[in-house]
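The number in the working numbering is simply the position in the sequence shown, starting from 1, with 4 added. Think of the CB as a built atom: it goes at the ideal place given N, C-alpha and C, for glycine as much as any other residue. None of these values were measured; they are calculated from a predicted model.
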Amino acid sequence: MKNFYVTTPIYFPNANPHLGTAYCTIMADILARYHRLKKDDTYFLTGTDEHGLKIFEKAKQAHKTPQEFVDEIAVNFKKLWKTLSISNDDFIRTTETRHMKVAQSIFSKLLKNDDIYLGHYEGWYCVPCESFWTNTQVGEARICPECGRPVITAKEETYFFRTNKYLEQLKAHFEKHPDFLLPINRKNEMFNTFINQGLNDLSVSRTSFTWGVPILENPQHVMYVWIDALANYISALGYDSIDDQKFIKFWEQGEVVHLLGADITRFHAIYWPMILMALGLKVPNRLFVHGLIMTKDGKMSKSKGNTIDPFGLINLYGADVLRYYCAREIKFGEDGVFTPEQFIERTNADLVNNYGNLVNRTLSMINKYYDGIIPDFVSGVNKEDASLEKRCLDVIKEVDSLMEELKITEALGVILELVDMANKYIELTTPWILAKEQRHEALKSVMAHLAHVIYVATMLLSPVLVTTHAAALDQLGVDATIRDYAKLSQFGVLNQGKIVGPTPLLPRLDVTKEVERIKEIIK
Ligand SMILES: [Zn+2]
Numbered sequence: 005m006k007n008f009y010v011t012t013p014i015y016f017p018n019a020n021p022h023l024g025t026a027y028c029t030i031m032a033d034i035l036a037r038y039h040r041l042k043k044d045d046t047y048f049l050t051g052t053d054e055h056g057l058k059i060f061e062k063a064k065q066a067h068k069t070p071q072e073f074v075d076e077i078a079v080n081f082k083k084l085w086k087t088l089s090i091s092n093d094d095f096i097r098t099t100e101t102r103h104m105k106v107a108q109s110i111f112s113k114l115l116k117n118d119d120i121y122l123g124h125y126e127g128w129y130c131v132p133c134e135s136f137w138t139n140t141q142v143g144e145a146r147i148c149p150e151c152g153r154p155v156i157t158a159k160e161e162t163y164f165f166r167t168n169k170y171l172e173q174l175k176a177h178f179e180k181h182p183d184f185l186l187p188i189n190r191k192n193e194m195f196n197t198f199i200n201q202g203l204n205d206l207s208v209s210r211t212s213f214t215w216g217v218p219i220l221e222n223p224q225h226v227m228y229v230w231i232d233a234l235a236n237y238i239s240a241l242g243y244d245s246i247d248d249q250k251f252i253k254f255w256e257q258g259e260v261v262h263l264l265g266a267d268i269t270r271f272h273a274i275y276w277p278m279i280l281m282a283l284g285l286k287v288p289n290r291l292f293v294h295g296l297i298m299t300k301d302g303k304m305s306k307s308k309g310n311t312i313d314p315f316g317l318i319n320l321y322g323a324d325v326l327r328y329y330c331a332r333e334i335k336f337g338e339d340g341v342f343t344p345e346q347f348i349e350r351t352n353a354d355l356v357n358n359y360g361n362l363v364n365r366t367l368s369m370i371n372k373y374y375d376g377i378i379p380d381f382v383s384g385v386n387k388e389d390a391s392l393e394k395r396c397l398d399v400i401k402e403v404d405s406l407m408e409e410l411k412i413t414e415a416l417g418v419i420l421e422l423v424d425m426a427n428k429y430i431e432l433t434t435p436w437i438l439a440k441e442q443r444h445e446a447l448k449s450v451m452a453h454l455a456h457v458i459y460v461a462t463m464l465l466s467p468v469l470v471t472t473h474a475a476a477l478d479q480l481g482v483d484a485t486i487r488d489y490a491k492l493s494q495f496g497v498l499n500q501g502k503i504v505g506p507t508p509l510l511p512r513l514d515v516t517k518e519v520e521r522i523k524e525i526i527k
């Protein structure tokens with residue numbers, strides 16, 4: 005048992021949530037639920053990053069105040085998480101007082117410690133957009149990448165964070181903790197693109213807009229996104245407040261895992277650890293960069309008309325099917341391509357034909373041969389028993405080490421292979437012949453082995469199949485006392501259990517028909 009803290013990035017509520025945001029949150033939820041299954045003390049945080057010029061302008065366009073605007077979108081995020089059975093313990097919004105107070109106190113500490121100083125930021129400036137741009141962004145034509153108007157050179161007063169003060173400490177941290185940033189290609193990218201080149205001090209305030217956390221020492225400035233946004237991971241735990249028990253438990257004494265997208269890797273892998281080092285706090289144990297879900301014609305975007313509304317998929321197939329697809333088909337840490345065909349085929353192959361079929365066949369046979377009572381588990385009756393037993397015990401361990409390494413996709417692969425092995429075990433032991441020949445010791449053993457494999461696979465799938473797994477355990481007659489991770493390796497815990505059912509867990513999907521239905525929700 006340990007304390008486990010997992011976070012998603014806080015999402016930017018300039019538009020409603022899409023499949024990409026759903027994906028990262030599903031993966032975090034699977035990790036959180038797996039650790040709760042193992043009885044780790046678990047805390048799972050998600051939320052929204054609500055400040056900045058972009059939000060301010062979106063709100064203006066919508067004729068709303070920024071607060072009204074983000075209030076409405078935050079509701080849609082919360083609604084999606086509920087629909088997806090997301091089990092977050094908290095939802096932090098950066099416009100909440102509890103967060104803003106912590107962000108301000110962090111800024112004050114860094115200022116006092118001379119980690120932050122007041123300077124000037126120089127660059128290309130677009131007056132109507134009130135935005136600074138880099139050489140690359142304005143190009144040779146020197147025009148604003150946002151509105152296309154000419155830019156001017158301008159100077160703005162800004163606070164800077166002294167990155168070089170912590171550069172050596174950061175390098176040493178990477179050296180000492182090879183798993184700090186995963187997958188490994190992300191670490192190489194950080195060193196080749198940024199760390200080895202040397203770092204500029206980071207601009208951490210703005211005077212050109214007001215929709216942000218004011219800097220107490222100089223209220224003309226608001227915090228520029230990074231200190232404000234990154235601080236959410238500790239403000240939500242009560243850092244620097246009277247009630248900081250969660251912070252002590254889950255940050256200081258816990259395993260801290262941040263999931264993030266590639267576009268924010270630099271800020272999580274370089275600046276966030278430096279801010280924490282400056283505050284004298286522990287650095288997260290692990291940063292894991294997930295990939296993108298794309299369609300065949302590339303990244304999803306409204307202008308391309310290839311976005312997939314997660315609510316649409318859930319309405320058609322339920323949350324479990326979407327959760328399983330994301331975790332199994334898109335290899336965690338790599339980009340993946342969503343196609344309606346693969347979505348349906350993966351569901352049919354794994355959940356209906358392999359897992360669903362095993363449950364249905366087994367329960368029907370236990371009903372038919374033993375009036376729905378699971379026979380006592382005995383070892384060594386059939387020659388096929390030993391290898392299934394061994395595999396079952398090995399799978400529990402393998403899944404655990406894969407999940408600890410955040411290899412969620414591979415862990416699901418291992419569970420489904422066990423299910424596949426059990427289906428083959430039925431073909432090898434031929435229970436219908438055993439029944440015909442009245443070989444009851446052999447037949448009972450086959451039924452008891454199959455029931456146990458279903459129990460193990462179902463419990464291990466429970467972090468993904470939130471509703472379906474419970475239905476399967478109900479049908480297998482597994483009562484609450486046995487829904488316990490510690491009992492998975494104890495053969496015999498299901499002895500004399502009473503089957504209820506079976507009713508098919510998930511319907512087999514017609515590929516042609518369903519592909520058409522999915523295409524209708526792609527916009
Ligand atoms: Zn502009």
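Three-state secondary structure assigned by DSSP to residue i
i, result
"A158", "strand"
"L186", "strand"
"P218", "strand"
"R153", "coil"
"P13", "strand"
"H294", "strand"
"V226", "strand"
"G127", "strand"
"T299", "strand"
"T472", "helix"
"S135", "strand"
"R40", "helix"
"F95", "strand"
"G505", "coil"
"L206", "strand"
"V287", "coil"
"V356", "helix"
"Y329", "helix"
"F8", "strand"
CB of residue i within 9 Å of CB of residue j, strictly
i, j, result
"V229", "W215", "no"
"I334", "T413", "yes"
"P17", "V74", "yes"
"S239", "H103", "yes"
"I419", "T366", "no"
"Q141", "P132", "no"
"I156", "Y129", "yes"
"P506", "V363", "yes"
"G337", "L410", "yes"
"P314", "L326", "yes"
"I30", "L88", "yes"
"T311", "L510", "no"
"I199", "K175", "yes"
"V293", "L185", "yes"
Min CB distance residue i to chain B below 9 Å
i, result
"N168", "No chain B is present in this structure, which holds just one protein chain."
Segment limits, beta strand (DSSP E) that includes residue i
i, result
"H262", "259 to 265"
"T50", "45 to 52"
Length of the line joining the Cα atoms of residue i and residue j
i, j, result
"P344", "L291", "31 Å"
"D183", "Q500", "46 Å"
"P467", "Y38", "5 Å"
"R443", "M451", "13 Å"
"A19", "S91", "23 Å"
"L234", "F111", "12 Å"
"D94", "V519", "36 Å"
"V504", "G309", "46 Å"
"L49", "K440", "56 Å"
"G496", "K401", "19 Å"
"S207", "N289", "26 Å"
"G202", "R190", "17 Å"
"E354", "D424", "The sequence as given places Asp at residue 354; Glu does not occur at that position. Going by the C-alpha atoms only, they are around 9 Å apart."
"K105", "A273", "24 Å"
"R395", "D483", "24 Å"
Delimiting residues of the alpha helix (DSSP H) encompassing residue i
i, result
"F111", "101 to 116"
"F347", "344 to 350"
"G316", "314 to 321"
"R166", "R166 -> no alpha helix (DSSP H), and no H or E assigned at all."
"R395", "389 to 408"
"H456", "444 to 465"
"E76", "70 to 87"
Check your understanding: Just checking, does the region 80 to 92 make contact with the region 18 to 30 on the three C-beta pairs under 8 Å criterion?
Key -> yes
Practice item. Evaluate the contact criterion for the region 275 to 289 versus the region 59 to 79: three or more CB pairs, one atom per stretch, below 8 Å. Key: no
Review point. Contact between the region 250 to 269 and the region 157 to 165: three or more CB pairs below 8 Å?
Key: no
Check your understanding: Taking a cut-off of 6 Å, which residues have a beta-carbon closer than that to any heavy atom of ligand 2, in chain order?
Key -> You won't find ligand 2 in this model; what it holds is ligand 1.
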